[in-house]
Amino acid sequence: MGACMALCSLASCASCLCSSAPCLLSSCCPAAFNSTVTRLAFSFFLFLGTMVSVIMILPGMETQLQKIPGFCVGGSSIPGFENKVNCEIIVGYKSVYRMCFAMACFFFLFSFIMIRVRSSKDPRAAIQNGFWFFKFLILVGITVGAFFIPDGTFNTVWYYFGVVGSFIFIVIQLILLVDFAHTWNQNWLENAEDGNSKCWYAALLTFTLLFYGAAFAFVVVLYVYYAHDDCTTHKVFISLNLIFTIVVSVVAILPKVQEAQPSSGLLQASMITLYTTYLTWSAMTNNPNRKCNPSLLSLVSSTTAASPTVAPGEIQWWDAQSIVGLVIFLFCTLYASIRSSNNSQVNKLMQTEETQGLAASDAEATSEDGVRRAVDNEEESVTYSYSFFHFSLFLASLYIMMTLTNWYQPETDYGGMKSTMPAVWVKISSSWLGLAIYLWTLVAPLILSDRDFS
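When the letters of the sequence shown are read in order and numbered with mature numbering (1 follows the signal peptide of the UniProt record, and there is no 0), they come out as residues -20 to -1, 1 to 434.
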């Protein structure tokens, strides 16, 4: 009986993805704005594709498939729909490339269709907020077609697309983290003004010191293990980013900056410092020089033995930097789907509007039949750019592809994968650009004094 009720509950939740806009809310779906439900649904498609990619790249998956009689067949292409497939294509980095290619095409298509949609009264808004079953079929169809792409130069060309797209998405992640820290800081300052100020100020100070302490410890570890005598490039990376993070932290608490932006503070700067330190570490883990790139296992076990060289074609997606990157990606994507910010500069960068006055409790509209419906809060104007949101998911698809394959570059001659210095420079330069953008959000009201940044 309990199992039956659980299945019914899941079925009613699934109806949210099969209805038209505004989405019908069952008893298990919370009251929400139509814009939020739509973003969550598209993010679910991205998470689903990510899960499939992770399963496909699991170690030993090809060995398990080959145990199925008559299932796997050799060759470099899929001949047809016979009961045999090329298991070298549906597992490993080739499968990740094709799965992420399908997701990227799907989101890029919607990004193109939704250009200049101004309100939910636009006919294209119905496509954005409804027809979920057909969208799912489109995504599945593109995915199936992607696995028929012959190897050739596809992997190499798509790798460079992934590098460029991931570079941009890393910067977007930093902007989202800045916005999250800004909202967090603002809410706690408001709570401190309402009462029990010592408790809230102590909590802000605790998390700020925690982030700075973690970043400082991280930097020490990087200097010890990744900056040996013959690793001059790593020393430069660590030192420069340490200096840059100190600079933005000092600027964040300057009296003139505080006067222009009272909500800015060290909480945002500490989170950016920790994220920049992670990017520095992530960049150095792609250095093909194994002497300057020790494995995490050797660090944890405190062994002095040299880390093993990654064999051609071997992809260790479970490396620590990839797992951390995946967690940050999941958090930022989910936050982008539900965010409602008062930070005008971040809203301009993210193509979103200011927080609307409709309270969450007002979002629940119950019809005569007792069914809750998501409120259409975009009749006058959209709360976010449909096109830019899909473009962000397009970039996220490329970032997932690079993260799961450890940013390794496909080798055309041997069919393997290798670490390259371009991946190192892409990551480290994205951290510099992200710091520059954060610094600009601090000093822009001072430089452009004729503009309203309230």
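Every residue, glycine too, gets a C-beta built ideally from N, C-alpha and C. In this text the structure is predicted, and so the values were computed from the model without any measurement.
Run the CB neighbour count on residue i, radius 10 Å, all protein chains shown included, and call it buried at 16 or more, exposed below.
i, result
"K398", "exposed"
"M251", "buried"
"C272", "buried"
"C179", "exposed"
"L254", "buried"
"L117", "exposed"
"P235", "exposed"
"V228", "buried"
"N429", "Before going on, a small fix: residue 429 reads as Ser here, not Asn. Per the 10 Å Cβ criterion, exposed."
"F128", "exposed"
"D72", "As written in the sequence, residue 72 is Gly, which differs from the Asp given in the question. So G72 ends up on the buried side."
"G121", "exposed"
"P130", "exposed"
"P390", "buried"
"D174", "exposed"
"L190", "exposed"
"A105", "buried"
"T212", "exposed"
"G125", "exposed"
"Y140", "exposed"
"I226", "exposed"
"residue 435", "Lying outside -20 to 434, the shown extent of the chain, residue 435 is not represented and no answer is given."
Tell whether a beta-carbon distance below 8 Å holds between residue i and residue j.
i, j, result
"S302", "N386", "yes"
"Y203", "I223", "no"
"V76", "V406", "no"
"T133", "A195", "no"
"V151", "I417", "yes"
"L154", "W168", "no"
"F149", "A376", "yes"
"V97", "V362", "yes"
"L384", "S23", "no"
"A232", "S243", "no"
"A240", "L419", "no"
"residue 444", "Y364", "The chain is shown from -20 up to 434; residue 444 falls before or after that span and cannot be answered."
"M382", "S146", "yes"
"H214", "M264", "yes"
"S410", "L310", "no"
"S91", "I380", "no"
"residue 443", "N266", "For residue 443 there is no data in the structure shown, the boundaries of the chain being -20 and 434."
"C312", "L413", "no"
Does residue i get closer than 8 Å to chain B when you measure Cβ to Cβ?
i, result
"V423", "Any reference to chain B falls outside this structure, which holds one protein chain only."
Please report the Cβ distance between residue i and residue j, rounded to the nearest whole angstrom; I am assuming they are in contact, meaning their Cβ atoms lie under 8 Å.
i, j, result
"T18", "N109", "5 Å"
"T188", "L246", "5 Å"
"L20", "L373", "The Cβ separation is near 12 Å, so there is no contact."
"C80", "L306", "Actually they are not in contact, since the Cβ atoms of C80 and L306 sit about 13 Å apart, beyond 8 Å."
"M401", "P274", "Actually they are not in contact, since the Cβ atoms of M401 and P274 sit about 17 Å apart, beyond 8 Å."
"H370", "M94", "6 Å"
"Q248", "A161", "4 Å"
"F86", "L119", "5 Å"
"R270", "D159", "Going by Cβ atoms, the distance from R270 to D159 rounds to 38 Å, so no, they are not a contact pair."
Based on the DSSP secondary-structure assignment, which residues constitute the bridge partners of residue i?
i, result
"K398", "Q389"
| Unbroken stretches of the alpha helix (DSSP H), 4 residues or longer, contained in the stretch 207 to 265 | Correct list: 212 to 232, 235 to 240 and 246 to 264.
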